Amino acid sequence: MKQQLLLLEDVDGLGRSGDIVTARPGYIRNYLMPKKKAVIAGAGTLRLQAKLKEERLLRAAEDRAESEKLAEALRDIILEFQVRVDPDNNMYGSVTISDIIDEAAKKNVILTRKNFPHSHYAIKNLGKKSVPLKLKEDVTATLFVEVSSESSYVTVLNQQPAQEETAAEESN
Numbered sequence: 000m001k002q003q004l005l006l007l008e009d010v011d012g013l014g015r016s017g018d019i020v021t022a023r024p025g026y027i028r029n030y031l032m033p034k035k036k037a038v039i040a041g042a043g044t045l046r047l048q049a050k051l052k053e054e055r056l057l058r059a060a061e062d063r064a065e066s067e068k069l070a071e072a073l074r075d076i077i078l079e080f081q082v083r084v085d086p087d088n089n090m091y092g093s094v095t096i097s098d099i100i101d102e103a104a105k106k107n108v109i110l111t112r113k114n115f116p117h118s119h120y121a122i123k124n125l126g127k128k129s130v131p132l133k134l135k136e137d138v139t140a141t142l143f144v145e146v147s148s149e150s151s152y153v154t155v156l157n158q159q160p161a162q163e164e165t166a167a168e169e170s171n
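Under numbering that gives the first Met the number 0, the residue at position 113 of the sequence shown is numbered 112, and the numbers go up by one with no gaps.
Structure, rendered in C-alpha cells:
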C-alpha cells in the first residue's frame, strides 16, 4: 500500500522539493526516510510544504538565470580537438563526452555528464559538430566542437617556419 510523502529534496523520477507524492513502503523505508529526502505527509506538513515550494521557486529562478548565462557563453565557444587519422582521414578512436568535459574545463566552462542528453555521445568523424546540452531548469544549449586531423596540424606547423625563413632571407 502506497503512502503519501512530502519531499524535502528533489528526487529523480519521483518529484521536486515541496511536492506531495506517493511511494511504495520499501522505497520510503529504505531510501527516502534514511537519507532525509522526505517526511510522511500529515496535517502539519502544509506549512512546511508552502515553505519548501517558496524556496524551490527562488532556487529555480537562480538556476534558470545561471543556465541562461552559461548557454549564452557557450554560443561563443568552439572546442577544438586534434586527433590522429589514417591516410583515408578515418579517426583512430573518437572524441567522447569525457574529452569534451575536459576541454571545456580548460576554457573555464563546468559541464557534467548530466548535461549531455545522449549518454553515449561520441564524435567519430572530422569536421565541425554541434553537441546538444541540457542545463538546469530545462534550458538547452548547443556546444560547437571542431575535430581536425593531427597530421594537417603538423603540416601547417612545418610550413610556417619555412615561410618565416624565406622572409628572413629576403630581408637580408
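Virtual Cβ for every residue (Gly too), placed ideally from N, Cα, C. A quick note: this is a predicted structure, and the numbers were derived from the prediction, not measured.
- Ser147 carries a strand assignment under DSSP once its states are collapsed to helix, strand and coil.
- Judged by pairs of C-beta atoms under 8 Å, the region 130-148 touches the region 63-79, as three or more such pairs exist.
- The three-state secondary structure of Ala22, taken from DSSP, is strand.
- 9 Å or more divides the Cβ of Leu57 from the Cβ of Ala37.
- According to DSSP, residue pairing for Phe80 in a beta bridge involves Val146.
- If only complete runs of 4 or more residues are kept, the region 85-135 shows the alpha helix (DSSP H) at 96-105, in order along the chain.
- Judged by DSSP in its simplified three-state form, Ala60 adopts helix.
- Sixteen is the threshold: since fewer than 16 other Cβ atoms of the shown chains lie within 10 Å of the Cβ of Asn107, the residue is exposed.
- About 6 Å separates the CB atoms of Glu149 and Val82; that is less than 8 Å, so the two are in contact.
- Taking C-beta atoms under 8 Å as the contact rule, Asp98 and Phe80 qualify, at a distance of about 7 Å.
- Contact check for Lys1 and Ala22: beta-carbon distance about 6 Å, within the 8 Å limit, so the pair qualifies.
- Listed in chain order, the non-local C-beta contacts of Tyr91 below 8 Å within the same chain comprise Val82, Arg83, Val84 and Asp85, local neighbours out to five positions each way being set aside.
- Bounds of the beta strand (DSSP E) holding Ala37 are Ala37 to Ile39.
- DSSP, reduced to helix, strand and coil, places Leu7 outside both helices and strands of the structure shown, so it counts as coil.
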